[in-house]
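Note that our numbering has the sequence shown beginning at 1, numbered continuously upward.
Think of the CB as a built atom: it goes at the ideal place given N, C-alpha and C, for glycine as much as any other residue.
Down below is the structure, laid out as structure tokens.
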Amino acid sequence: MGGFTLIEVMAALLIFAIGLLGITGLYASAARTATGAEFRTTAAMLASDLISRMWMSDRTAATLQANYGSTAAGTGYTSWKATVDKSNLPGIGSLPPTVTFSTVAGGGSSAVSSSLATITIYWKGPGDSSAHQYVAMAQMKP
Numbered sequence: 001m002g003g004f005t006l007i008e009v010m011a012a013l014l015i016f017a018i019g020l021l022g023i024t025g026l027y028a029s030a031a032r033t034a035t036g037a038e039f040r041t042t043a044a045m046l047a048s049d050l051i052s053r054m055w056m057s058d059r060t061a062a063t064l065q066a067n068y069g070s071t072a073a074g075t076g077y078t079s080w081k082a083t084v085d086k087s088n089l090p091g092i093g094s095l096p097p098t099v100t101f102s103t104v105a106g107g108g109s110s111a112v113s114s115s116l117a118t119i120t121i122y123w124k125g126p127g128d129s130s131a132h133q134y135v136a137m138a139q140m141k142p
């Protein structure tokens, strides 16, 4: 009878240990999800910050491209990129954000063309096999 009780206790300990491992796995998964949400929120706030800066400036296509385009690396882009570099996004130093512009023809009662800004922010967390990205688009009419 004593041997049977020992087997029952060992089986109960095994079930308890498996349960603890499951809870630990759930905790790790929740932590990864929360960290990913934090990084996406940070990227969204950074993109919103740049859109706000563009709205406050001269919104003509040539000025937007010269000041905020990542290829032109104007003063607006470099100032914003300094803010991005100070953010908590991992790997941001090796994955610079891109800002591109395209022209959208005027429609409706307005024949004035507008600029469509596409902002892409990249990051790569520890243990990630590939980079993540957040893309925001905003249409700017002069």
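Going by C-alpha to C-alpha distance, which of the options sits closest to residue i?
{"i": "Y122", "options": "D128, Q133, A61", "result": "Q133"}
{"i": "S129", "options": "T41, T100, S87, G91", "result": "G91"}
{"i": "T103", "options": "R32, E8, A30, M137", "result": "M137"}
{"i": "V112", "options": "R59, F4, A28, A30", "result": "R59"}
{"i": "G125", "options": "W55, E38, I7, S70", "result": "E38"}
{"i": "T120", "options": "F4, G69, S114", "result": "G69"}
Taking the DSSP output, what are the residues bridged to residue i?
{"i": "T120", "result": "T98, V135"}
{"i": "T103", "result": "S115"}
{"i": "M140", "result": "S115"}
Could you compute how far the alpha carbon of residue i sits from the alpha carbon of residue j?
{"i": "D85", "j": "G36", "result": "18 Å"}
{"i": "K141", "j": "I18", "result": "60 Å"}
{"i": "G127", "j": "T98", "result": "24 Å"}
{"i": "Q139", "j": "R53", "result": "13 Å"}
{"i": "S57", "j": "S29", "result": "43 Å"}
Using 8 Å as the limit for Cβ to Cβ distance, is residue i near chain C?
{"i": "H132", "result": "The displayed structure is made up of one protein chain only, and chain C is not part of it."}
Return the Cβ separation of residue i and residue j in integer angstroms, given the expectation that the two are a contact with Cβ distance under 8 Å.
{"i": "F101", "j": "L46", "result": "About 18 Å; that fails the 8 Å criterion."}
{"i": "L50", "j": "W80", "result": "5 Å"}
{"i": "L89", "j": "T42", "result": "6 Å"}
Check whether the region 65-80 and the region 10-25 touch, using three or more Cβ-Cβ pairs below 8 Å as the test. Segments in contact, no.
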